[in-house]
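*Asks:* So the protein sequences, as listed, match chains E and G. Going by my numbering, the first sequence opens with residue 1, and the numbers climb by one from there. Going by my numbering, the second sequence opens with residue 1, and the numbers climb by one from there.
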Amino acid sequence: MTETMTMAKALNEGLRAAMGSDSKVLLMGEDIGPLGGVFRVTEGLQAEFGDKRVLDTPLAESGIVGTAIGLAMSGFRPVCEIQFDGFIFPGFDQITSQLAKLTARHEGTLQMPVVIRVPYGGHIGAVEHHQESPEAYFAHSAGLRLLSPATPHDAYWMIQEAITSNDPVMFFEPKSRYWQKGEVDRESAGIATHSSRVVRDGTEVTLVGHGAIVSMLLQAAELAAEEGTSVEVVDLRSLSPIDYDPIVASAQKTGRVVVVQEAPGNVSVGSEVAATVAERAFYSLEAPVLRVSGYDTPFPPAKLESVYLPSVDRILDAVDRALAY
Amino acid sequence: MSYTAATVQLLSPEGTLVHSDASEQYLPYVDKLSDDALQEFHRHMVVMRRFDIEAANLQRQGQLALWVPSHGQEAAQVGSALAAKPQDHLFPSYREHVIALMRGVDPITILSMFRGLSHGGWDPKDHDNFHLYTLVIGSQTLHATGYAMGMNLEGRSGTGNPDTDAAVMVYFGDGSTSQGDVSEAMVFAASYQTPQVFFLQNNHWAISVPVSRQSRTPLYLRGEGFGIPSVQIDGNDVLASFAVSKANLDAARAGEGPRFIEALTYRMGAHTTSDDPSKYRENSELEFWAQRDPITRFDTYLRSRGASQAFFDDIAAEGDDLAADIRKRITELPVPATSTLFDHVYSDPHPVMDAQRAALADFEASFEEGN
Chain E
1 MTETMTMAKA
11 LNEGLRAAMG
21 SDSKVLLMGE
31 DIGPLGGVFR
41 VTEGLQAEFG
51 DKRVLDTPLA
61 ESGIVGTAIG
71 LAMSGFRPVC
81 EIQFDGFIFP
91 GFDQITSQLA
101 KLTARHEGTL
111 QMPVVIRVPY
121 GGHIGAVEHH
131 QESPEAYFAH
141 SAGLRLLSPA
151 TPHDAYWMIQ
161 EAITSNDPVM
171 FFEPKSRYWQ
181 KGEVDRESAG
191 IATHSSRVVR
201 DGTEVTLVGH
211 GAIVSMLLQA
221 AELAAEEGTS
231 VEVVDLRSLS
241 PIDYDPIVAS
251 AQKTGRVVVV
261 QEAPGNVSVG
271 SEVAATVAER
281 AFYSLEAPVL
291 RVSGYDTPFP
301 PAKLESVYLP
311 SVDRILDAVD
321 RALAY
Chain G
1 MSYTAATVQL
11 LSPEGTLVHS
21 DASEQYLPYV
31 DKLSDDALQE
41 FHRHMVVMRR
51 FDIEAANLQR
61 QGQLALWVPS
71 HGQEAAQVGS
81 ALAAKPQDHL
91 FPSYREHVIA
101 LMRGVDPITI
111 LSMFRGLSHG
121 GWDPKDHDNF
131 HLYTLVIGSQ
141 TLHATGYAMG
151 MNLEGRSGTG
161 NPDTDAAVMV
171 YFGDGSTSQG
181 DVSEAMVFAA
191 SYQTPQVFFL
201 QNNHWAISVP
211 VSRQSRTPLY
221 LRGEGFGIPS
231 VQIDGNDVLA
241 SFAVSKANLD
251 AARAGEGPRF
261 IEALTYRMGA
271 HTTSDDPSKY
281 RENSELEFWA
291 QRDPITRFDT
301 YLRSRGASQA
311 FFDDIAAEGD
321 DLAADIRKRI
331 TELPVPATST
341 LFDHVYSDPH
351 PVMDAQRAAL
361 ADFEASFEEG
371 N
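#1: Please name the residue, chosen from G:GLU364, G:ASP362, G:SER347 and G:LEU360, that lies closest to E:LEU144 on a Cα-to-Cα basis.
#2: Quick check on the burial criterion: 16 or more other C-beta atoms within 10 angstroms. Buried or exposed for E:THR297?
#3: Could you list which residues in chain G have their beta carbon closer than 8 Å to that of E:ASN266, in chain order?
#4: Compare the C-alpha of E:ALA162 against each of E:ALA324, E:THR2, E:LEU11 and E:VAL307 and name the closest.
#5: From the beta carbon of G:PRO351, is the nearest beta carbon of chain E less than 8 Å away?
#6: Where G:GLU332 and E:GLY44 are concerned, what is the direct C-alpha to C-alpha distance, given to the nearest angstrom?
#7: Cα separation between E:MET1 and G:HIS119?
#8: Applying the 10 Å Cβ sphere with the 16-neighbour rule, what's the burial state of G:SER274?
#9: By DSSP, does G:ASN202 sit in helix, in strand, or in coil?
#10: Check each candidate in G:GLY79, G:THR340 and G:ARG259 and name the one with the smallest Cα separation from G:LEU33.
#11: Ordered along the chain, which non-local residues of its own chain (more than five positions away) have a Cβ less than 7 Å from that of E:PRO78?
#12: Mind checking G:LYS246: buried by the 16 CB within 10 Å criterion, or exposed?
#13: Should E:ALA139 be labelled buried (16 or more other beta-carbon atoms within 10 Å of its own) or exposed?
#14: Spatial neighbours of E:LEU110 within its chain, please: C-beta separation below 8 Å, excluding the five flanking residues on both sides.
#15: Using alpha carbons as the reference points, say which of E:ALA155, E:GLN219, E:PHE172 and E:ALA287 lies closest to E:ARG16.
#16: Would a check of beta-carbon distances place E:GLN83 closer than 8 Å to chain G?
#17: Spatial neighbours of E:SER250 within its chain, please: C-beta separation below 7 Å, excluding the five flanking residues on both sides.
#18: Using alpha carbons as the reference points, say which of G:LEU111, G:LEU38, G:THR4 and G:PHE172 lies closest to G:ASP372.
#19: Cα separation between E:ASP313 and G:LEU219?
#20: Kindly indicate if chain E contains any beta-carbon less than 8 Å away from that of G:PHE363.
#21: Is any beta-carbon of chain E found at less than 8 Å from that of G:GLU14?
#22: Would you kindly work out how many angstroms separate the C-alpha atoms of G:GLY150 and E:ARG186, rounded to a whole number?
#23: Would you mind giving the Cβ-Cβ distance between E:GLN160 and E:THR6, rounded to the nearest angstrom? I have them listed as a contact below 8 Å.
#24: Give me the subset of the stretch 41 to 74 of chain E whose CB atoms are less than 7 Å from a CB atom of chain G, sorted by chain position.
#25: Can you pull out the residues from the stretch 89 to 103 of chain E whose beta carbon lies closer than 7 Å to at least one beta carbon of chain G?
#26: Could you say which of E:GLY122, E:LEU217, E:PRO264 and E:ASP243 lies nearest to E:ILE315 if we only look at CA atoms?
#27: By a C-beta neighbour count over all protein chains shown, 10 Å radius and 16 as the cutoff for buried, is E:GLY14 buried or exposed?
#28: In chain E, what lies closer than 7 Å to G:ALA144 by C-beta?
#29: Determine whether the beta carbon atoms of E:VAL118 and E:ILE64 lie at a separation below 8 Å.
#30: Would you mind sorting G:LEU96 into buried or exposed? The rule is 16 or more other CB atoms within 10 Å of its CB.
#31: Label G:HIS19 either buried or exposed according to how many other C-beta atoms from any shown protein chain fall within 10 Å of its C-beta, with 16 as the threshold for buried.
#32: Taking G:GLU54 and G:ALA316 to be in contact with their CB atoms under 8 Å, please state how far apart those CB atoms are, rounded to whole angstroms.
#33: Along the chain, where does the alpha helix (DSSP H) containing E:ILE159 start, and where does it finish?
#34: For E:HIS153 versus E:GLY182, is the C-beta distance shorter than 8 Å?
#35: What's the C-alpha gap between G:ALA358 and G:SER339?
#36: Scan the stretch 98 to 132 of chain E for residues whose Cβ lies nearer than 7 Å to a Cβ of chain G and list them as they occur along the chain.
See the structure below:
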């Protein structure tokens, strides 16, 4: 049986389910208690589980991550909320130098089951530091896992997958999709760990993306179909590790791949997908793997974000270029 | 120098007990100590200094890539560590070698880090809750605070049971007090009233930069500024280090919230063996602190209490035996197998690790005869 809910609600329900099934799961972050977080993802959870399970913390990202590490050492499974993507960098050192490396430093005797939720990405018309896509920094750091859901159903299950992981997980939530509704099946078998998924079948071009971009890829595929082009769409869902088999299989079928992301293209997750597809599907490719990304500039003032971010038109332009080879 | 009337000192540099307004409340902790217990303080300090000298020698002989000397800081470390109970969790920076040994870490494990064979690797659970070294300055203060938050949430302190109530002690240095993480750790500790003692070893130098560049105020006043009761001690006085640590750990375990101790000590040697202190500090300063050596004054004190020469001979021999043992074992340490690169990056299975482990194995096998 499925229910219709927003991604924010689905995440809230996923957190509630995880907290209900494991008393060691606790939430920590800024304004996540009575307010329920600036996006209301934790709404009602402090009232339900108490202020020892949902901690409103001082305003300090390094402090949040650093103390979450200590809490994990003492047996808890902390889920940290970073309020906005661009505010994660005060915590960057604790994430990359400590959280990511502690299991290796302990030669396996210490697990680090910490989740760091990051509302990320543009399309919301916000001020500086509130619309960024910083996932590449973390994908580059050994010891971390990265997930990013595109739908309410995936969000419900993937946040629980993240919390049961014994490794640290960076969980990138597409904030522009928080209020889109979708079907959630709470009785399904969940989602295979770190699996990408073909979300639309096609035969001529493969589009690959994650998070908020996935719905844009589906729009582009729809428009392309009206013009007679059959486009396949793959949702990465996991940015580290990346489940390449469905992507490579799609590339072998279509021979043309376009990778789309909000993040700047230089040294990005999309770059890595492009390189790997080139390595693994070289003889099947009819065109070079193309990328559609944010430009290699700071995220612009909001009135220019529609220029900066990938759009359906830019995606279709890349599809045309791929087909022209 | 930095001592003031408020600095707690129980044993003078001349080796006599100090009765002052600052010392009175702490002397009872020392009065209870037997001669055997006091001799144990000395044994740890003397054996540690011998270990430290040997490790520096091994670096000079090319057996270690680096050594981080602790010469001069023995009293601050030994006194505070002896005040801790087995259930307490100790978070070091990277110079607390004697505490590592006291909590059961094999000295060769410490040396293997500096030989380039591991990044630590001991399990704190099997070593009296002595955590791994942290090399990024000050990062461990947040881990310690988080651990102490966990103790609070689980009711592991403040129950009134002295056998089970626990606390956290975190070690850090004067340089680290300028790091944001140390301030954030104190903010969180004060907010959540953690069972925790911040133990600052002010050894007066952060590599080549004097403490005066880190702070215009005595550092223990930083703790006060965060709402954490704070005290400054003579860190070269092992009795003050012990008594003040014990009083503050007792308070933390009893649920009275965090405490802050600034131990004034001195790094007699270099920051590491890569350093040259003659380029940035005066010999007169070294002389000043040599007059306040932690071991010399305690030696005098023990002799005044009637300790026998045989005791001093025994601990010197113990130090020599330890030095000989590590000198022998250091060259016997194996280099880890190449596959261990991938073994503990993640706890759960990871396809990239599996693929890269296999690729490296294939690459290495390609050099074997017949391939």
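Using N, Cα and C, we set each Cβ at its ideal position, and we do this for glycine too.
*Replies:* The short version:
#1: Mapped onto the first sequence, residue 144 of chain E falls at position 144. The candidate whose alpha carbon is nearest that of E:LEU144 is G:SER347.
#2: For the purposes of this step, residue 297 of chain E is taken as residue 297 along the first sequence, with counting starting at 1. Per the 10 Å Cβ criterion, exposed.
#3: Here the question's residue 266 of chain E lines up with position 266 in the first sequence. Annotation: E:ASN266 has no Cβ neighbours in chain G at a cutoff of 8 Å; minimum Cβ distance is about 22 Å.
#4: Taking the first sequence and counting its residues from 1, one reaches residue 162 of chain E at position 162. Per the Cα distances, E:LEU11.
#5: In the second sequence, counting from the first residue as 1, residue 351 of chain G sits at position 351. Taking Cβ atoms only, chain E reaches closer than 8 Å to G:PRO351, which makes this a yes.
#6: Looking up residue 332 of chain G in the second sequence gives position 332. Looking up residue 44 of chain E in the first sequence gives position 44. Rounded to whole angstroms, G:GLU332 to E:GLY44 spans 59 Å at the Cα level.
#7: On the first sequence, residue 1 of chain E is found 1 positions in, with the first residue counted as 1. On the second sequence, residue 119 of chain G is found 119 positions in, with the first residue counted as 1. Going from the Cα of E:MET1 to the Cα of G:HIS119 covers about 50 Å.
#8: Taking the first residue of the second sequence as 1, we reach residue 274 of chain G at position 274. By the neighbour-count rule (16 or more Cβ atoms within 10 Å), G:SER274 is not buried but exposed.
#9: Here residue 202 of chain G refers to the residue found at position 202 of the second sequence. If DSSP states are grouped into helix, strand and coil, G:ASN202 belongs with the strands.
#10: On the second sequence, position 33 is the one that residue 33 of chain G refers to. Across the set G:GLY79, G:THR340 and G:ARG259, the C-alpha of G:GLY79 shows the shortest separation from the C-alpha of G:LEU33.
#11: Within the first sequence, the letter at position 78 stands for residue 78 of chain E. Taken in chain order, the residues that qualify are LEU26, MET28, ALA68, LEU71, ALA72 and VAL114.
#12: Translated into the one-based positions of the second sequence, residue 246 of chain G becomes position 246. That one is buried.
#13: Numbered from its first residue, the first sequence carries residue 139 of chain E at position 139. Counting Cβ neighbours within 10 Å, E:ALA139 comes out buried, since at least 16 surround it.
#14: As a first step, residue 110 of chain E is located in the first sequence; it is residue number 110 there, counting from the start. Correct list, in chain order: MET73, LEU102 and THR103.
#15: Counting from 1 along the first sequence, the entry for residue 16 of chain E is found at position 16. Among E:ALA155, E:GLN219, E:PHE172 and E:ALA287, the Cα nearest to that of E:ARG16 belongs to E:ALA155.
#16: Stepping through the first sequence from its first residue, residue 83 of chain E is reached at position 83. So, not an interface residue.
#17: Locating residue 250 of chain E in the first sequence gives position 250, counting from the first residue. Hits under 7 Å: VAL198, THR206, GLU232 and VAL234.
#18: An answer regarding residue 372 of chain G cannot be provided, because it is not within the stretch 1 to 371 covered by chain G.
#19: For this step, residue 313 of chain E is matched to residue 313 along the first sequence. For this step, residue 219 of chain G is matched to residue 219 along the second sequence. Their Cα atoms are separated by approximately 60 Å.
#20: Within the second sequence, numbered from 1, the residue matching residue 363 of chain G stands at position 363. No - not a single Cβ of chain E is within 8 Å of the one on G:PHE363.
#21: Along the second sequence, read from residue 1 onward, the residue named residue 14 of chain G stands at position 14. No, because no Cβ of chain E sits closer than 8 Å to the Cβ of G:GLU14.
#22: As a first step, residue 150 of chain G must be located in the second sequence, where it is residue number 150. As a first step, residue 186 of chain E must be located in the first sequence, where it is residue number 186. Answer to the nearest angstrom: the Cα atoms are 31 Å apart.
#23: Stepping through the first sequence from its first residue, residue 160 of chain E is reached at position 160. Stepping through the first sequence from its first residue, residue 6 of chain E is reached at position 6. E:GLN160 to E:THR6, Cβ: 17 Å. No contact.
#24: For the stretch 41 to 74 of chain E, which is checked against every Cβ of chain G, the residues closer than 7 Å are LYS52, PRO58, ALA60, SER62, GLY63, GLY66, THR67, ALA68, ILE69, GLY70, LEU71, MET73 and SER74.
#25: Residues of the stretch 89 to 103 of chain E with a Cβ closer than 7 Å to any Cβ of chain G, in chain order: ASP93, GLN94, SER97, GLN98 and THR103.
#26: To locate residue 315 of chain E, count along the first sequence from 1; it is residue 315. Considering only E:GLY122, E:LEU217, E:PRO264 and E:ASP243, the residue with the shortest C-alpha distance to E:ILE315 is E:LEU217.
#27: On the first sequence, position 14 is the one that residue 14 of chain E refers to. Buried is the call here.
#28: For the purposes of this step, residue 144 of chain G is identified with residue 144 of the second sequence, where counting begins at 1. The CB of G:ALA144 comes closer than 7 Å to the CB of GLY70 in chain E, given here in chain order.
#29: Residue numbering aside, residue 118 of chain E sits at position 118 when the first sequence is read from its first letter. Residue numbering aside, residue 64 of chain E sits at position 64 when the first sequence is read from its first letter. Cβ distance not < 8 Å, so E:VAL118 and E:ILE64 don't count as in contact.
#30: Numbered from its first residue, the second sequence carries residue 96 of chain G at position 96. For the sequence presented, residue 96 of chain G should be read as Glu rather than Leu. In this structure G:GLU96 is buried. Its beta-carbon is surrounded by 16 or more other beta-carbon atoms within 10 angstroms.
#31: The residue you call residue 19 of chain G lines up with position 19 of the second sequence. Its Cβ having fewer than 16 others within 10 Å, G:HIS19 is exposed.
#32: Taking the first residue of the second sequence as position 1, residue 54 of chain G is located at position 54. Taking the first residue of the second sequence as position 1, residue 316 of chain G is located at position 316. About 13 Å; that fails the 8 Å criterion.
#33: Position 159 of the first sequence, counting from 1, holds the residue named residue 159 of chain E. In the DSSP assignment, E:ILE159 falls within the alpha helix (DSSP H) that extends over 152 to 164.
#34: Walking along the first sequence from the start, residue 153 of chain E turns up at place 153. Walking along the first sequence from the start, residue 182 of chain E turns up at place 182. Yes, they are a contact pair.
#35: Sequence index remark: in the second sequence, residue 358 of chain G carries index 358 (1-based). Sequence index remark: in the second sequence, residue 339 of chain G carries index 339 (1-based). Distance between G:ALA358 and G:SER339, taken at the CA atoms: about 9 Å.
#36: From the stretch 98 to 132 of chain E, only GLN98, THR103, ALA104, ARG105, HIS106, GLU107, GLY108, THR109 and GLN111 have a Cβ closer than 7 Å to chain G.
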